[in-house]
Amino acid sequence: MKNSFDVLIDRRGTSCLKYDFGMERKGRDDLLPLWVADMDFRLPDEVIEDLQKRVSHGIFGYTDPKDDYYDALNRWFSKRHGYTVDRQWNIITPGVVYAISMAIRALTKEGDSILIQQPVYYPFASMVKLNNRNVVNNQLVFNKEAGRYEIDFDDLEKKIKEEKVKMVLFCSPHNPVGRVWTREEILRFADICKENDVYIFADEIHADFVYEGHKHISFMTLDDEYREKLIVGTSPSKTFNIAGLQIANIFVPNESVRDALKKENDAAGYSQCNAIGLTATTSVYTKGEQWLDELLRYLKGNVDYVRSFLQEKLPRVKLIEPEGTYLIWLDFSEIVKDHKELEKLIVDKAHLWLDPGIIFGRETALFERINIAAPRATIEKALEQLCAAVIGHK
Ligand SMILES: Cc1ncc(COP(=O)(O)O)c(C=O)c1O
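Following our numbering, the residues of the sequence shown are numbered contiguously, the last one being 1158.
Rendered as structure tokens:
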């Protein structure tokens, strides 16, 4: 039987960042895009009906969340992640990256050191730099035996102390290496930050994308003692692909940290949230669970497909097995010597638009990140194009 996630939907002509900006961003429009973290799937009908109902009301003035919004949030986070949200703790922002920038401004000063763990989602480094703070990198280390990236805790502790780090940006689950951090890792990380009086911004935007055998541990589930300098970024925008509706929920348990963040948010001139985003968030967190469970099974099928394809046809391209997220990290180091050769292979020969490893950090120039949240037919096409390019590559 055909799965609804198999349906190919033409997104061109909707001002879609993923599909409609090839010319502006890559100088050509013949590339199959699997770059930005944006899925090619339609929302469940129940949610679309809620949105249609809201749209047909016809008035879209200023809006703020009411009880139904917080009830929906609490149902979702308690059932899926084991914590409830005190509404006082929540700061709504247009996005998680925006909130990272606000937190950097509110809680650190120009010239302060902020730690990230590359390879990591590139706005982490750019938000630090654009706010005139100093990037300190605690490089993640690939453990060949375990087949996964791990945190170098000795280096983390050393850098925090030596560079007088004020804040860490922690990606959990991790984009792009696909790690779903264990409780032990989260606790060890949190302990080091606590001992050194460091703020943690835990970006948990990918929390809902976790594959069987793994469990997302939210910083919100740790004991009170770990919540003093904690900010947790969440959003339905990845889970339900509603980034265009611009809503993120940022949980800040400590009152003075929260006040500092709110003040920065006020200073930026942001007040009420997007009206359609409000309806969408309430709706997806109320009615989206079954859809998400089906989606997770579908994505797992896509990961399995990519793994078998590579093993069979492109064994020199190494898949870093994802524990979570729909972003797959591929190692091309047996095929190319530098990132320029890799870019030519991917763009000019395979006609694909992926996110090159170099943008996630200098050490991963021979990697590519591929977004597999698309109908299987799209993934098959992309891999066939990649295969033809690699086989023809000298
Ligand atoms: C780790 C991470 N954080 C944040 C974002 C973007 O979030 P927002 O659109 O809410 O700023 C992404 C999108 O890919 C992401 O992967």
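Positions of the beta carbon are idealized from the N, C-alpha and C atoms, including for glycine.
Check                                                                                                  : Outcome
Contact between the stretch 932-946 and the stretch 1086-1096 (3+ Cβ pairs under 8 Å)                  : yes
Reduced DSSP category for residue 706 - H, G, I as helix; E, B as strand; rest coil                    : The displayed coordinates of the chain run from 765 to 1158. Any statement about residue 706 would go beyond what the structure contains.
Alpha-carbon to alpha-carbon, residue 1111 and residue 886                                             : 20 Å
Check whether residue 958 and residue 990 have beta carbons under 8 Å apart                            : yes
Coarse secondary structure for residue 1066, derived from DSSP in three states                         : helix
As assigned by DSSP and simplified to three states, the class of residue 828                           : coil
Those residues which DSSP pairs with residue 1094 across a bridge                                      : 1083, 1132
As assigned by DSSP and simplified to three states, the class of residue 927                           : coil
Per-residue burial, residue 1104 [other beta carbons within 10 Å of its own, 16 or more giving buried] : exposed
Span separating the alpha-carbon of residue 924 from that of residue 1034                              : 32 Å
Residue 861 vs residue 880 beta-carbon contact at 8 Å                                                  : no
Enclosing beta strand (DSSP E) for residue 906 [first to last residue]                                 : 905-907
is_contact[residue 916, chain D] using C-beta, thresh 8 Å                                              : Given the protein chain composition of this structure (a single chain), no chain D is represented.
Residue 1067 versus 994, 1002, 1094, 878, residue with shortest Cα-Cα distance                         : 1094
Pair within 8 Å by beta-carbon distance, residue 1147 and residue 1073                                 : yes
Rounded Cβ spacing between residue 971 and residue 978 (contact assumed at less than 8 Å)              : At roughly 11 Å, the Cβ-Cβ gap does not stay under 8 Å, so residue 971 and residue 978 are not in contact.
Any non-hydrogen atom of ligand 1 closer than 7 Å to residue 969 Cβ                                    : yes
Pick from 808, 777, 799 that is closest to residue 1123, judged by C-alpha positions                   : 799
Cβ-Cβ distance between residue 867 and residue 969 below 8 Å                                           : no
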